[in-house]
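Reading through the structure tokens given below for one structure.
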Amino acid sequence: MSDIAIRLENISKQYRIGKRQKKYRTLRDVLTEAAVAPLRRAGELLSGRTVEATGLNETIWALKDVSFEVKRGEVVGVIGRNGAGKSTLLKILARITEPTSGYAEVHGRVGSLLEVGTGFHRELTGRENIYLSGAILGMKQTEIDRKFDEIVEFSGVEKFIDTPVKHYSSGMYLRLAFAVAAHLEPEILLVDEVLAVGDDRFQKKCLNKMEDIGQQGRTVIFVSHNMPAITRLCERAILLEEGQVIADGPAHQVVETYLTLDTSTTAMREWPDPETAPGGEVARLRAVRVCAEDGRVVESVDIHEPFKVEMEYDVLKSGYVLLPHFYFWNQAGICIFGTLDIDPEWKGKPRPAGRYISSVHIPGNFLSDGMIFVNAALITQGPTILQFWERSAVAFQVVESFSDDGARGDFAGQIGGVVRPLLEWDTEFKSDVGGREWLKR
Amino acid sequence: MQKVINSEVETAIAPTTSGLESTPVIRIEPSRGWVSLKLRELWEYRELLYFFIWRDIKVRYKQTVLGAAWAIIQPFFTMVVFSVFFGKLARMPSDGIPYPIFSYAALVPWTFFANGLRQASQSMVSHASMIRKVYFPRLALPIARVLAGLLDFALAFLVLWGMMLAYGITPTANVLWLPLLLLLAVVTSLGAGLWLSAMNAQFRDVGYAVPFIIQFWMFATPIAYPSSLIEAPLLRMLYGINPMTGVVEGFRWALLGVETAPGPMIVASSLAAVGLLFSGAFYFRRMEKTFADVV
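Shown next as structure tokens:
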């Protein structure tokens, strides 16, 4: 038996992205097109030709000559920017869409988890949805029967299992949906960003479950923007850029490559276009930066030096009480701490619209060395609404230079831990009694 | 760490697979030309098909006041309207049978067909999110939509049975043919539904066209009038190319004992229906690869 689970050979996928518009269109053009297009379309339709073949449309290669192999039992992370082809790759492996050229071989039963709650019907009860969603995800009825109690217990919605899911809170809905998906037992599991939903506790539960799946020796392909999750769950990662594999290797290395692809994904990230910036009607995130105290953007900070992390954002509607906050994560996927804006000037006060910069000052001798990822988020209060939540908005390296006054003193080995505080120590000389007693023996 | 896990898995799996290759190997590559119907795969997914049918039945009348009564209301009140306007006012001939039961016997299979067609044609669009996120044989969706209508059919059919009792009409021995006639309606509904659902995935125009198509089709089918209005045998056979003509005339013949045995007409209808189903299925399968991208 081969120990290859997945093999891709020059997989390419072309999408059309709509027709290129001529700059000026006369009424005659419009009318003739209106008259001719339906006939042409009907012709294409009946001949079964897809429209891209006619050359009318602009096309884009979502994937271009992607080849790699995944061994049985490997947990592989796929990372890359939006539009790099990650989701397309999963869709091809899940047989949802066909490649334009190339081929792939998949050895074993594939379960795809590209969305939480696929096939859920709002009018059906929790119980009914477990069966329906399970069947859609590829479980046999006997399999669902066997796991039913486990699924319900995992979801924690026992009391409402016979209530239509439309009456569920969104959290309950997600938990139930994930519970079904988490009990899929295919040989190969494809997972796409499902962890991007739900509250932190739920996300943690999902991550733990994913870790279990990985440790059971199943093959997992995991697409995510959550770099700490990638380094925690996967030993190998593949980096896609414009549809091509540009890095493939140990996860932490590939993650580092990804984060240093260009400056926008490292210590500074900016959203120049207000339309696409994270956020909604009330506030939009425009930039996040890691700066030295003098304001220079820095990719790495000395473990002994203080620095600051700032977010620049637009408040589009006046009158809201805003609460910007950051979450700091380390490479192992552990949240080091979260911190909220407590500047007394704005605490509890509605703010006028405008551009703001909120900075948090991180003292020196606080973080441990390594890669740090920062999530930038902003909520409005009363009611509490999340305005944006930018995962791994920036990342930076905490580097340790040896100095006499550091937390490690003269020790040169590994210390570990999520923080490296410089704490006060006292060592007192009591008397020489202890030493004498040992000598007597 | 991973190495250890790998070797564990291999030893765990090895004994069962050393002789026979039990892990299925799926080859993913672009399909070209006319593709196979993959009916075996559909069979493997029969449980899912069953769940789809069950769901469609279950949610059909959720949050309605009258619930499953709609299955009867639709054909019954159409019959009432037809009886008043065509039967009483226009004095439409009805092969010597009381007009209400004459039209209702046709409306029962017709309603099944029309609802099935309407539901099937929407099946790709209304499951867009599912189609984009998970793989299963897409054929299961329109098939489930059509088959789920059988329950409504059964309810409406009970009323037909009651009306026959009321009118004192005893069904002929030909009633044994009814399952086959129903199958003909299923095949027709599914055949047309496959064509339209596949087209609808790419062109939403179909969504607007379907009500028209159903309306025209209804007038092209002898529901409000008897097919005996057309007398020339050749013309009658041509008329039978509309498979629903065969279904409707067959129902009247089997249940009400209408004398015009629809023999050649049924043959034409059956051939047309089978042709429609196969062409629809192949067209659907050919377009299937694009569904996730366009729907």
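First to last, the sequence lines map onto chains B and D.
Start counting the first sequence at 190; every next residue gets the next number (our numbering).
Start counting the second sequence at 28; every next residue gets the next number (our numbering).
Note that the Cβ used here is the ideal one computed from N, Cα and C, for glycine as well.
None of the values given here were measured: they were computed from a predicted structure.
I need the DSSP call for residue i, collapsed to helix, strand or coil.
| i | result |
| --- | --- |
| LEU450(B) | coil |
| MET500(B) | strand |
| ILE402(B) | helix |
| CYS524(B) | strand |
| PRO198(D) | coil |
| ILE195(B) | strand |
| HIS441(B) | helix |
| ILE531(B) | coil |
| PHE367(B) | helix |
| LEU289(D) | First, the amino acid is wrong: residue 289(D) is Pro here, not Leu. Coil at PRO289(D), not helix or strand. |
| THR248(B) | strand |
| ASP83(D) | helix |
| LEU628(B) | helix |
| ARG473(B) | strand |
| SER557(B) | coil |
| GLU459(B) | strand |
Anything in chain B within Cβ reach of residue i, meaning under 7 Å, just list it in chain order.
| i | result |
| --- | --- |
| ASP320(D) | TYR204, THR286 |
| PHE78(D) | TYR320, LEU321, ALA324 |
| PHE163(D) | ILE325 |
| ARG172(D) | Near ARG172(D) there are no residues of chain B at all, since even the closest Cβ is about 14 Å away, more than 7 Å. |
| LYS65(D) | None at all; the shortest Cβ gap to chain B is about 11 Å. |
Hey, residue i and residue j: beta-carbon distance below 8 Å or not?
| i | j | result |
| --- | --- | --- |
| ALA171(D) | LEU64(D) | no |
| THR169(D) | ALA147(D) | It is worth fixing the name first, because residue 169(D) is Pro in this sequence and not Thr. Cβ distance < 8 Å, so PRO169(D) and ALA147(D) count as in contact. |
| VAL255(B) | ILE410(B) | no |
| SER322(B) | GLY308(B) | yes |
| VAL380(B) | VAL412(B) | yes |
| ILE128(D) | MET191(D) | yes |
| PHE113(D) | ALA167(D) | no |
| SER255(D) | GLY273(D) | no |
| ALA300(D) | LEU211(D) | yes |
| ALA368(B) | ILE325(B) | no |
| SER557(B) | VAL607(B) | yes |
| HIS514(B) | ASP530(B) | yes |
| ALA194(B) | GLY297(B) | yes |
| PHE230(D) | GLY176(D) | no |
| LEU304(D) | ILE241(D) | no |
| VAL152(D) | GLY218(D) | no |
What residues of chain D sit near residue i, judged by a beta carbon separation below 7 Å?
| i | result |
| --- | --- |
| ARG298(B) | PRO51 |
| GLU304(B) | LYS160 |
| LYS280(B) | ALA319 |
| GLU488(B) | By Cβ distance, chain D contributes nothing, its closest Cβ being about 31 Å from GLU488(B), past 7 Å. |
Using only alpha-carbon positions, find the residue among the options that is nearest to residue i.
| i | options | result |
| --- | --- | --- |
| GLU374(B) | THR408(B), GLY360(B), LEU396(B), ALA366(B) | THR408(B) |
| VAL214(D) | PRO270(D), ARG82(D), VAL275(D) | PRO270(D) |
| PRO136(D) | PHE243(D), PHE180(D), LEU304(D), TYR72(D) | PHE180(D) |
| ASP401(B) | ALA251(B), ARG284(B), GLY262(B) | GLY262(B) |
| VAL299(B) | ARG390(B), THR569(B), ARG458(B), LEU279(B) | LEU279(B) |
| ASP351(B) | LEU313(B), GLY484(B), LEU448(B) | LEU313(B) |
| PHE317(D) | TYR252(D), ILE158(D), TRP244(D), PRO102(D) | Correcting the residue type first, residue 317(D) is Thr in the shown sequence and not Phe. Checking every option, the nearest Cα to that of THR317(D) belongs to ILE158(D). |
| ARG478(B) | ALA472(B), PHE496(B), MET457(B) | MET457(B) |
| HIS394(B) | MET416(B), LYS329(B), LEU363(B) | In the sequence under discussion, the amino acid at residue 394(B) is Lys, which differs from the His named in the question. It is LEU363(B). |
| GLY269(B) | GLU431(B), ASP599(B), LEU228(B) | GLU431(B) |
| GLY360(B) | ASP503(B), ILE492(B), VAL305(B) | VAL305(B) |
| GLY508(B) | LYS538(B), GLU501(B), CYS524(B), ALA521(B) | LYS538(B) |
| VAL504(B) | GLY484(B), PHE577(B), PHE526(B), PRO353(B) | PHE577(B) |
| LYS398(B) | HIS372(B), VAL225(B), PRO439(B), SER489(B) | HIS372(B) |
| PRO102(D) | LEU185(D), PRO51(D), ARG82(D) | LEU185(D) |
| PRO541(B) | PHE555(B), GLN520(B), LYS506(B) | LYS506(B) |
Give the interface partners of residue i over in chain B, defined as CB-CB distance under 8 Å, in chain order.
| i | result |
| --- | --- |
| PHE237(D) | As written in the sequence, residue 237(D) is Val, which differs from the Phe given in the question. Chain B residues near VAL237(D): none, gap ~15 Å exceeds 8 Å. |
| MET157(D) | THR307, GLY308, ILE325 |
What does residue i touch in chain D if you count any residue whose Cβ is under 9 Å from its own?
| i | result |
| --- | --- |
| VAL295(B) | PRO51, VAL52, ILE53, ARG54, ILE55 |
| SER290(B) | GLU56, PRO57 |
| GLN330(B) | GLU74, TYR77, PHE78 |
| LEU567(B) | The premise fails here: LEU567(B) is roughly 29 Å from chain D at the closest Cβ pair, so nothing lies under 9 Å. |
| LEU373(B) | The contacting residues do not exist; LEU373(B) stays about 11 Å from chain D at best. |
Cβ closer than 8 Å: which chain D residues qualify as neighbours of residue i?
| i | result |
| --- | --- |
| ALA283(B) | VAL161, TYR162 |
| SER301(B) | LYS160, VAL161, TYR162 |
Checklist line | Contiguous alpha helix (DSSP H) assignments of at least 4 residues, all confined to the stretch 265-296 of chain B | finding: 275-282
Item checked: alpha helix (DSSP H) segments (min. 4 residues) lying fully within the stretch 284-360 of chain B -> 315-325, 330-344
Notebook entry, point to check: Which ranges does the beta strand (DSSP E) cover as unbroken runs of at least 3 residues, wholly within the stretch 239-275 of chain D, from first to last along the chain?
Noted result: none
Next item on the list: Only counting runs of 4 or more residues, tell me where the alpha helix (DSSP H) segments fall wholly within the stretch 92-146 of chain D, in order along the chain.
Entry: 97-109
Notebook entry, point to check: Along the chain, which unbroken stretches of the alpha helix (DSSP H) at least 4 residues long are found entirely within the stretch 165-225 of chain D?
Noted result: 167-194
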